[in-house]
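Below you'll find the structure, written out as C-alpha cells, and then a few comments.
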Ligand code: FEO
C-alpha cells in the first residue's frame with residue numbers, strides 16, 4: 198500500500214496484509230491492514246507500527262514522506278504484535294532514544310514483549326502532548342482490546358486514532374468509508390463479534406464518557422481496515438447497538454453431524470422455528486467458520502446447539518465452538534440442544550452444561566434421537582423447533 202493522505206499533514210503509512218487468512222482463530226477471508234499514522238508537525242510523530250514482517254515496508258512508506266530518522270515521537274496505542282512487531286526495527290532505525298508515548302500498562306506489556314529499555318513516557322488518562330501546532334490527548338481504553346489499549350485524539354482536527362476499536366479485517370482497494378459505503382459494516386460487525394464482544398460493558402462506559410466529554414470526531418482512524426471520514430457517527434452508533442446485545446427474532450442452529458442424522462434434526466428444527474415466524478439459520482461447523490457463526494450468534498435470540506455423541510463425549514468441533522463462544526460471552530440468549538446418538542447419548546447433557554455455564558436460559562433438557570430419525574423423530578424435531586420459536590417470541594415480547 199502506498200502511503201495516503203488522511204488530512205493535511207496526516208498520512209496512513211501502514212501496510213496491507215492481503216494473504217492473512219487466520220488471525221488467532223478468526224478467519225480473515227479478506228485479509229487485513231495494519232494502519233500506522235504519520236503526523237507532520239514541529240514534532241513529527243508516528244502513531245503505531247505494523248506486524249514484524251512488514252517493518253521494511255513501513256519504513257519505505259514513511260520515507261516517501263520524510264526521512265524516518267526525523268521522527269521525533271512514537272506513540273504506541275496497543276501492545277499486540279500486529280501493531281508493535283516492527284517496533285524494534287523502527288526504533289533501531291530512527292534512534293533508540295526517541296520518546297515512546299504509551300499507557301502505563303503498555304510500558305509494562307511492551308517491556309515484557311521486547312525486553313528493551315526504550316525511552317518510555319507512560320501517559321495518564323487525559324494527558325496532553327503538544328506537537329507544535331497540534332495537541333494530542335491520550336485516553337485509556339483498557340481491554341479494547343488489551344489492558345494496555347489507549348486512544349490518541351488530535352484535538353485541532355478532531356481525529357481519533359482508535360487502535361483496534363472501530364476496525365475491520367478488510368483489505369481492498371477502498372481506503373475510506375465513503376469509497377466502500379455500507380458494504381464495510383458486515384466486516385465491522387464480524388470484527389466486533391470476534392474481538393470485542395466480551396468487553397461490551399467497557400465499550401458502553403467508554404461511549405458514555407465520550408458523550409460526557411463532548412468529544413467530536415471528524416475522522417476515526419482505526420488500526421485495521423478503512424478510515425471513517427464521511428460519517429464516523431455511523432460506526433459509533435453501530436457500536437452502541439452491538440454493545441447493547443440487542444437481539445433479532447432469529448435462532449442460530451450450530452451443529453455437526455457424523456452420518457447426517459444430527460443434520461436432519463437441525464434442518465427440521467429450523468423448519469419448526471420458521472413456522473413460528475422466527476428466522477432460523479442452520480450452520481454446520483465444518484462448513485461455516487466459528488468466527489462467522491459467532492457473528493450470527495451476536496444478534497440472535499436463540500442458540501440451538503446440536504452434537505452427536507462421539508466416544509461418550511461431544512463431537513470435537515462442537516466442543517471447539519462452545520469454548521470459543523464461552524470466551525466471547527454473548528448475553529441474554531435462549532439455549533437449546535439436540536443430537537443423534539448410538540448407545541449412550543451424553544452429548545445433550547454436556548451441551549446443556551456448557552450453555553448453562555454461559556448463563557443461557559435453557560428451554561428444556563434437549564432432544565435426542567437414537568441413530569436415524571424416522572418420521573416420528575422428524576415430527577418431534579419440528580415440534581421442538583416450534584417450541585424454540587415460541588420461546589423466542591415470548592422473550593422478545595416480554596423484553
Ligand atoms: Fe489489532 Fe489487538 O490487535
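Numbering (the working numbering), first residue to last: 198 to 596.
Ideal placement from N, C-alpha and C gives every residue a C-beta, glycine not left out.
Computed from a predicted model, the values in this text were never measured in an experiment.
Counted as a single uninterrupted DSSP element, the beta strand (DSSP E) harbouring residue 502 occupies residues 497-503.
For residue 569, the number of other beta carbons within 10 angstroms of its own is below 16, and it is reported as exposed. When the alpha-carbon of residue 398 is set against those of 439, 372, 381, 468, the nearest one is in 439.
In this structure, residue 233 keeps its C-beta atom at 7 Å or more from the C-beta atom of residue 214. The alpha-carbon of residue 362 is positioned some 29 Å away from that of residue 484. Excluding five sequence positions before and after residue 344, the CB atoms of its chain that fall closer than 6 Å to its own CB belong to 302, given in chain order. Here the alpha carbons of residue 511 and residue 547 stand approximately 7 Å from one another. Non-local beta-carbon contacts of residue 416 in its own chain, meaning distances under 8 Å to residues more than five positions away in sequence, involve 203, 204, 354, 355, 356, 357, 424, 425, 426, 429 in chain order. Of the candidates 249, 307, 533, 498, the residue whose Cα lies closest to the Cα of residue 447 is 498. For residue 342, the distance from the CB to the nearest heavy atom of the ligand FEO is below 6 Å. Residue 277 has its Cβ nearer than 6 Å to a heavy atom of the ligand FEO. In terms of Cβ geometry, residue 385 and residue 229 do not form a close pair [threshold 7 Å].
Closest in alpha carbon position to residue 374, among 490, 509, 431, is 431.
When DSSP states are grouped into helix, strand and coil, residue 330 belongs to the coil group. Taking the Cα of residue 453 as reference, the smallest distance to any Cα among 541, 577, 339, 534 is reached at 534. For residue 580, same chain residues with a beta-carbon under 7 Å away, outside a window of 5 residues either side, are 469 in chain order. The straight-line gap separating the alpha-carbon atoms of residue 342 and residue 364 is approximately 11 Å.
7 Å or more divides the Cβ of residue 523 from the Cβ of residue 480. Setting aside the 5 residues that flank it on each side, residue 210 is surrounded in the same chain by 200, 233, 235, 258, 259, each with a C-beta closer than 6 Å to its C-beta; the list follows chain order. Using a Cβ distance threshold of 7 Å, residue 269 and residue 231 do not count as a contacting pair. As computed with DSSP, residue 578 is found in no beta bridge at all. Ranked by Cα distance from residue 372, the options 340, 290, 500, 420 are led by 420. Of the residues assessed, residue 226 falls on the exposed side of the cut-off, its CB having fewer than 16 other CB atoms within 10 angstroms.
In the structure shown, residue 375 falls within a helical segment according to DSSP collapsed to helix, strand and coil.
In the three-state DSSP reduction, residue 303 falls in the helix class (H, G or I). Residue environment: residue 255 is assigned as buried (16 or more neighbouring CB atoms within 10 Å of its CB, all protein chains considered). The beta carbon of residue 592 sits closer than 7 Å to those of 498, 531, all from its chain and outside the five residues before and after it, given in chain order. Burial state of residue 540 is exposed, judged by a 10 Å Cβ sphere holding fewer than 16 other Cβ atoms. Residue pairing from DSSP leaves residue 485 without any beta-bridge partner.
In this model, residue 574 and residue 507 are separated by some 20 Å (Cα to Cα). In chain order, 450, 452, 479, 503 place their CB closer than 6 Å to the CB of residue 463, counting only its own chain and leaving out the 5 sequence neighbours on each side.
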